[in-house]
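J.: Per our numbering, the sequence shown starts with residue 240, numbered consecutively.
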Amino acid sequence: MNASEPDSVGEETEAIDADRARPTDVDDILAIQEENLIENGGSLSARFDRTWFESVIRGELLIVARVGEAVAGYAALTSQAAQAHIPIIQAMLRAHPDSRALLHGPICVASAFRRRGVARALLLAEREESDGASILAFIRADNAASRQSHVALGFREATEFEHAGASYIVVAG
Ligand SMILES: CC(C)(COP(=O)(O)OP(=O)(O)OC[C@H]1O[C@@H](n2cnc3c(N)ncnc32)[C@H](O)[C@@H]1OP(=O)(O)O)[C@@H](O)C(=O)NCCC(=O)NCCS
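Structural data, given as structure tokens:
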């Protein structure tokens, strides 16, 4: 997928290209993840390791968005089996069981590339690959940017659950 839109003064913004990640993207993906973890002042609740990203590239779907040469963001779309070992995923599926749904997330856009449509491009690319399946994700209730962007991009807030002392919203699309 390739998107470029004129900005408010009529110039072309740099195109966003969202497509399947390559194994050589994992270093950039890990760097974006690291700066966005809650413990580093960001809003990502869970850290996924190199092996997990590599296995999603091989066997599931990991989309990266590129702006020029830079990896600007990433999003995973996986089977439930790929994330079934993660306690917060188990809590989400107890709150909102849907055995056929795919799981969207993690999704993260590097701070320098936000509000340019990168998440929109990632989600569009995921949908193109999802063959009409329903898609679920969880978002911390206090992550207003992510909640608003998912609603803006066609998800609905389906229910809420608690996990490890925090509140989360299940979004379905
Ligand atoms: C949430 C996140 C993925 C959005 O990425 P993005 O590339 O900036 O989003 P987009 O530019 O595609 O925005 C699409 C729409 O979402 C909404 N949106 C995005 N960011 C928003 C914000 N900070 N506040 C309110 N609405 C927002 C807007 O409606 C936006 O459309 P608009 O810019 O035309 O108004 C990004 O902020 C991020 O990576 N945050 C840190 C990690 C994170 O929280 N990940 C999600 C965990 S569940």
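Glycine is no exception: its CB is placed at the ideal position from the N, C-alpha and C atoms.
From this set, Leu316, Thr290 and Phe287, which residue's C-alpha is nearest Glu477's C-alpha?
T.: The structure shown has nothing for residue 477, since the chain only spans 240 to 412.
J.: Helix or strand or just coil, what does DSSP make of His433?
T.: In the structure displayed, the chain extends from 240 to 412; residue 433 sits before or after that span and is not available.
J.: With DSSP run on the structure shown, which of helix, strand or coil describes Gly412?
T.: coil
J.: Which word fits Asn229, buried or exposed, when buried means at least 16 other C-beta atoms lie within 10 angstroms of its C-beta?
T.: Nothing can be reported for residue 229: it is not among the residues displayed for the chain, which extend from 240 to 412.
J.: Closer than 7 angstroms, CB to CB, is Glu365 near chain C or not?
T.: This model lacks chain C altogether; it includes just one protein chain.
J.: Using the three-state DSSP reduction, which class does Pro345 fall into: helix, strand or coil?
T.: strand
J.: Mind checking Ser385: buried by the 16 CB within 10 Å criterion, or exposed?
T.: buried
J.: When you compare only the Cα positions, how much space is there between Gly249 and Gln387?
T.: Annotation note: pLDDT 42 at Gly249 (below 50); position unreliable, coordinate value reported separately. Roughly 27 angstroms between the two C-alpha positions.
J.: Less than 6 angstroms between the CB of Ala384 and some heavy atom of ligand 1, yes or no?
T.: yes
J.: Please determine whether the Cβ atom of Asn275 lies at a distance below 6 angstroms from any heavy atom of ligand 1.
T.: Asn275 Cβ: within cutoff of ligand 1.
J.: Quick one: using the 10 Å Cβ neighbour count with 16 as the cut-off for buried, is Glu253 buried or exposed?
T.: exposed
J.: Mark Gly312 as exposed unless 16 or more other C-beta atoms lie within 10 angstroms of its C-beta, in which case mark it buried.
T.: buried
J.: Taking its Cβ as the centre, do 16 or more other Cβ atoms sit within 10 Å of Glu365, making it buried, or is it exposed?
T.: Burial is judged here by how many other beta carbons sit within 10 angstroms of a residue's own beta carbon; Glu365 has at least 16 and is buried.
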